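A short worksheet on the structure shown next.
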Amino acid sequence: MKWLAERIKELNLDVAISMGLPPEGDISSADAPIIANGQDILDRAVALVRDLGGTKLAGILSSAHGKQEQALTRQAWDISVSALSKVADRARASGVTL
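In terms of numbering that gives the first Met the number 0, the sequence shown opens at residue 0 and continues consecutively.
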């Protein structure tokens, strides 16, 4: 990855990564291990953006990809906000914007 980060810098490119969370990483879930897995997935994505010299991580970050066919319940939304806020604090410390 170091080689890729150096090459990106040499070419004066910006890095932005877009992703979606899988069902087993749904941070709007009521299941604590699934939320923790989703936060870990997001933390690793933040680290990848940072390590490549980027500053932006975007995509479907508030729940599992495909789940947003209907609005989240208020409880699921609150769970998602809590989990994503923690990731956002760590992302900010890494210089990455969600």
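Note that the Cβ used here is the ideal one computed from N, Cα and C, for glycine as well. These numbers were taken from a predicted model, which means no experiment stands behind them.
8 Å Cβ shell around Gln74 - same chain, five flanking residues per side excluded | Ala29
* Asked: Beta-carbon separation of Gly58 and Ser17 under 8 Å?
  -> yes
Classify Asp25: buried if its beta carbon has 16 or more other beta carbons within 10 angstroms, exposed otherwise. buried
Measure the Cβ-Cβ separation of Val45 and Arg89 and say whether it is below 8 Å.
yes
Hey, which unbroken runs of the beta strand (DSSP E) at 3 residues or more fall wholly within the region 30-77?
55-63
message: Going by DSSP in three states, Gly19 sits in which element: helix, strand or coil?
response: strand
Query - Classification of Ser84 by the beta-carbon crowding that lies within 10 angstroms, buried from 16 upward - result: exposed
Worksheet entry | Whether Gly52 touches Ile7 by CB criterion (8 Å) | yes
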